[in-house]
Amino acid sequence: MIQAWSLTQPEWTCKIDEGPAGIAYARWSPDSRHILTTSEFQLRLTVWSLLNTACVHVQWPKHGSKGVSFTQDGKFAAICTRRDCKDYINLLSCHTWEIMGTFAVDTLDLADIEWSPDDSAIVIWDSPLEYKVLIYSPDGRCLFKYQAYESGLGVKTVSWSSCGQFLAVGSYDQMLRVLNHLTWKTFAEFMHLSTVRAPCCAAVFKEVDEPLQLDMSELCLDDDFMQGHSDAPEGHFRVRYEVMEVPITLPSQKPPADKPNPKQGIGILSWSNDSQYICTRNDSMPTVLWIWDIRHLELAAILVQKDPIRAAAWDPTCTRLVLCTGSSHIYMWTPSGAYCVSNPLPQFSVTDLKWNSDGSCLLLKDKESFCCAAIPPLEESSEYSSDE
Numbered sequence: 001m002i003q004a005w006s007l008t009q010p011e012w013t014c015k016i017d018e019g020p021a022g023i024a025y026a027r028w029s030p031d032s033r034h035i036l037t038t039s040e041f042q043l044r045l046t047v048w049s050l051l052n053t054a055c056v057h058v059q060w061p062k063h064g065s066k067g068v069s070f071t072q073d074g075k076f077a078a079i080c081t082r083r084d085c086k087d088y089i090n091l092l093s094c095h096t097w098e099i100m101g102t103f104a105v106d107t108l109d110l111a112d113i114e115w116s117p118d119d120s121a122i123v124i125w126d127s128p129l130e131y132k133v134l135i136y137s138p139d140g141r142c143l144f145k146y147q148a149y150e151s152g153l154g155v156k157t158v159s160w161s162s163c164g165q166f167l168a169v170g171s172y173d174q175m176l177r178v179l180n181h182l183t184w185k186t187f188a189e190f191m192h193l194s195t196v197r198a199p200c201c202a203a204v205f206k207e208v209d210e211p212l213q214l215d216m217s218e219l220c221l222d223d224d225f226m227q228g229h230s231d232a233p234e235g236h237f238r239v240r241y242e243v244m245e246v247p248i249t250l251p252s253q254k255p256p257a258d259k260p261n262p263k264q265g266i267g268i269l270s271w272s273n274d275s276q277y278i279c280t281r282n283d284s285m286p287t288v289l290w291i292w293d294i295r296h297l298e299l300a301a302i303l304v305q306k307d308p309i310r311a312a313a314w315d316p317t318c319t320r321l322v323l324c325t326g327s328s329h330i331y332m333w334t335p336s337g338a339y340c341v342s343n344p345l346p347q348f349s350v351t352d353l354k355w356n357s358d359g360s361c362l363l364l365k366d367k368e369s370f371c372c373a374a375i376p377p378l379e380e381s382s383e384y385s386s387d388e
């Protein structure tokens, strides 16, 4: 069952029940007037209207939570389907939800799809067993085929820059490659090494626990109080970042060779709003977040966390990155520095996060609850430290 609420009209609610087909995933349409659900076993994708009871079905969607992308203007949707052992792209109008066109794509097992920010091209990529990144025009012409290597597991993550001029590809070989939109050639390759050595201009921030020093010399406590609190934890801690010097060896783990879906390669890949920075996480180093400067083609910063990084998201209005690790803290990075923010809610572990469109609010998610955090705008001249 899907439930929806209105933030401006609390009395308005909505419930969607797919019945025996079940619901594997749900997403909003760009106009916030429709909800798209995918049934169990990818039998169909359904578009539900919140204005009336109308619904539209698309048969045989390729994936449950992936394989759907919208244009920036919200007028068209590209939906991946599979029939007769072949992958297809269906282009739908988001006004009438009619299929405007369908074309087959040259993939063995299509993994995902994403429109370019200028809506002029569509990128699709194959499963990890076949390294293949394909650029298509909306009319179905293949503009370019990219293959970095043949042997070994292939593409893991793909992301357009917000300006539409760059396409970043993260692979299982633990490398990040960036292509330009004019010739579709690679102009930058970044390696994620377990040891960072000089010369390196990147700032390395490591999360540490710092005990709070409380001066209790002037407090007079009776014996009953001391006996009653003798089992209390010794001291309190606060979390902060400590700037490390290079060379530094980053915590890493080698995935077992006899198990499928190895935890290696670029699992998180995201562009900043100005297309100057990319943040990545190499899954064989799950506690480390890398921030790359595309303007200078160099490593800008490394964040070393205590726990594996769950999610990272850029502020849509400024160069500010927020990440979470499943702890009660959220962590922020700007070109001025990095800092830790404590969550005041008790027993709330931040496992995922997402910005709203204007960057004024941050959605923080726990396993069974969520909250909205108001984030103050970032001043261009502001300086942050790990103590704030």
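Going by the numbering used here, the residue at position 71 of the sequence shown is 71; the numbering climbs one at a time, nothing skipped. Heads up, the beta-carbon is just placed ideally off N, CA and C, and yes, glycines get one too.
Return the first residue and the last residue of the beta strand (DSSP E) that residue i is part of.
i: residue 108; result: Unbroken run through residue 108: none, as it is neither H nor E.
i: residue 246; result: No beta strand (DSSP E) holds residue 246; DSSP gives it neither H nor E.
i: residue 80; result: 76-83
i: residue 59; result: 55-59
i: residue 170; result: 166-171
i: residue 354; result: 352-355
i: residue 295; result: It is not in any beta strand (DSSP E) - residue 295 carries neither H nor E in the DSSP assignment.
i: residue 181; result: No beta strand (DSSP E) contains residue 181, which DSSP labels as neither H nor E.
i: residue 142; result: 142-146
I need the straight-line Cα distance from residue i to residue j, nearest angstrom please.
i: residue 121; j: residue 212; result: 54 Å
i: residue 230; j: residue 240; result: Caution is warranted here: a pLDDT of 43 is assigned to residue 230, below 50, making its placement in the model unreliable, and no coordinate value can be reported.
i: residue 257; j: residue 264; result: 11 Å
i: residue 7; j: residue 66; result: 27 Å
i: residue 110; j: residue 273; result: 28 Å
i: residue 283; j: residue 251; result: 11 Å
i: residue 92; j: residue 344; result: 44 Å
i: residue 119; j: residue 328; result: 39 Å
i: residue 125; j: residue 155; result: 7 Å
Between the options, which lies nearest to residue i when the distance is taken from Cα to Cα?
i: residue 337; options: 303, 377, 251; result: 303
i: residue 145; options: 116, 343, 176, 184; result: 184
i: residue 305; options: 316, 260, 207; result: 207
i: residue 268; options: 174, 258, 53; result: 174
i: residue 197; options: 168, 205, 297, 246; result: 246
i: residue 50; options: 341, 44, 58, 36; result: 36
i: residue 172; options: 205, 261, 84; result: 261
i: residue 346; options: 40, 89, 333, 366; result: 366
i: residue 205; options: 168, 179, 194, 244; result: 244
i: residue 359; options: 52, 378, 16, 179; result: 378
i: residue 83; options: 116, 46, 42; result: 42
i: residue 389; options: 313, 334, 192, 317; result: Nothing about residue 389 can be read from this structure; the chain reaches only from 1 to 388.
i: residue 45; options: 33, 295, 14, 68; result: 68
On the CB-based measure, 16 or more other CB atoms within 10 Å of its CB, does residue i come out buried or exposed?
i: residue 254; result: exposed
i: residue 203; result: buried
i: residue 356; result: exposed
i: residue 324; result: buried
i: residue 114; result: buried
i: residue 232; result: At residue 232 the pLDDT is 39, less than 50, meaning the model places this residue with poor confidence and gives no usable figure here.
i: residue 280; result: buried
i: residue 210; result: exposed
i: residue 137; result: exposed
i: residue 128; result: buried
i: residue 332; result: buried
i: residue 390; result: The shown model of the chain, from 1 to 388, leaves out residue 390, and the question about it has no answer.
i: residue 14; result: exposed
i: residue 139; result: exposed
Next item on the list: Specify whether the region 68-82 and the region 100-115 touch according to this definition: at least 3 beta carbon pairs, one from each stretch, less than 8 Å apart.
Entry: They touch, by the three-pair rule.
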